[in-house]
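Enquirer: Residue numbers for the sequence shown follow our numbering, beginning at 1 and rising by one.
Just so it is clear, CB atoms sit at the ideal spot from N, CA and C, and this is done for glycine as well.
Please read these numbers as outputs of a predicted model, since none were measured by experiment.
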Amino acid sequence: MKKMFYLIEECTAGLEKLIEDSLQKPKAGVRSMMASAQCIVLFGAAFETTATTLTFLLYELAKNPDKQKRAIEEVNQYFKNHDRIEYECVFETPYLDACVCDTLRIYPVLGVVTRELVEDYTLPSGVPLTKGLRVHIPVHHLHHNPQYFPEPDVFRPERFLGAEKERIEPFSYMPFGEGPRTCIGLRFAKMQSIAGLLALMRKCQVELVEETPTKIQFEPRVSTTQPVEEIYLKFTPK
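1. Classify Thr-50 as helix, strand or coil using the three-state DSSP reduction.
2. If contacts are defined as beta-carbon pairs under 8 Å, then Glu-164 and Phe-171 qualify, I think. What distance do you get, rounded to the angstrom?
3. Tell me whether Val-90 is buried or exposed, calling it buried when 16 or more other Cβ atoms sit within 10 Å of its Cβ.
4. Compute the distance between the beta-carbons of Thr-49 and Ser-193, then report whether it is under 8 Å.
5. If you draw a straight line from the C-alpha of His-82 to the C-alpha of Pro-220, how long is it?
6. Going straight from the alpha carbon of Thr-236 to that of Tyr-121, what length do you get?
7. Look at the Cβ atom of Phe-56, then the Cβ atom of Thr-103, and state whether they are nearer than 8 Å.
8. Among Asp-153, Met-191, Thr-214, which one has its Cα closest to the Cα of Val-228?
9. Could you pull the start and end residues of the alpha helix (DSSP H) that Arg-134 belongs to?
10. Taking the alpha-carbon of Glu-166 as reference, which of Ala-98, Glu-88, His-144 has the nearest alpha-carbon?
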C-alpha cells in the first residue's frame, strides 16, 4: 500500500511539473495536444493487447480447472473485503497476478523486442556490437526455454509466487521489456487484466467447448501474438 501511494505521489508530482513548465514556457513545455497524444497511445496500445492476453488467460484457466478454482477462491475473498473493484486489487490478489504473469510468459504480447544501440558495446562472449545496430531479443524463446522455466508449455502460475518467483533468472522474463525503456503501460495492463478477471469470475466460471482449439496456432503476419483461429469458451454462472 505504501508503495502504491509513493507511485501515485511520484506520478502526480511529475504531472504537476509538466503543467508548470507548460505555463512558464508555452513553446518549450508539454502542450495539451502532446499530452493527449500520449494518453491516446497508452489506451489504444493497451486495448487490443490486454483483451488478447485476457483471452489467453481464460483459455488456460478453462484448461486447468484446479488453477481456476484457486483463482475463484481469491476472487471470492477479494469481494468479501470490498464491494467494488479498486486499483488496490493489483496488490491484494497475488494469485491472479501470478496467473497474468504466466499467461504473458506463454503468450508474450511481442514475441521479439528490438532495441537500437546508442553506443558501441562488446558482449561478455567477446562479440562486438556497433552503435546504431539493432538487436532483436527473442522474448518468446526466452520464455519457453526449459533452462529458465521447466515445462515451459505448462500453465503454472505458482512460478510467480514466493521463493519460486525469487529464483527466476534476471532478464529471462520480459513481457514488457526491461530497463529504463520498459513499457509504460505495464501497471495499467496488469490492472486491466486483474480487474477483468475479478469482474468475470465474481459471477462466472469458464469452460472449454467442442470448438475450443486444443493447441493455439499464432498468426505469423502480425507483430503481436495473435491466434490464427477463434478461441471459443463457455461461461456458466457460479
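Expert: Checking against the coordinates, here is how it stands:
1. Here Thr-50 sits in helix by DSSP.
2. About 17 Å; that fails the 8 Å criterion.
3. Buried is the call here.
4. Remark: C-beta atoms of Thr-49 and Ser-193 do not approach each other more closely than 8 Å.
5. Taking the straight line joining both Cα atoms gives about 43 Å.
6. Each residue's alpha carbon lies about 55 Å from the other.
7. With a cutoff of 8 Å on beta-carbon distance, Phe-56 and Thr-103 are scored as near each other.
8. Closest option to Val-228, Cα to Cα, is Thr-214.
9. That residue, Arg-134, is in no alpha helix (DSSP H); its beta strand (DSSP E) goes 134 to 137.
10. Across the set Ala-98, Glu-88, His-144, the C-alpha of Ala-98 shows the shortest separation from the C-alpha of Glu-166.
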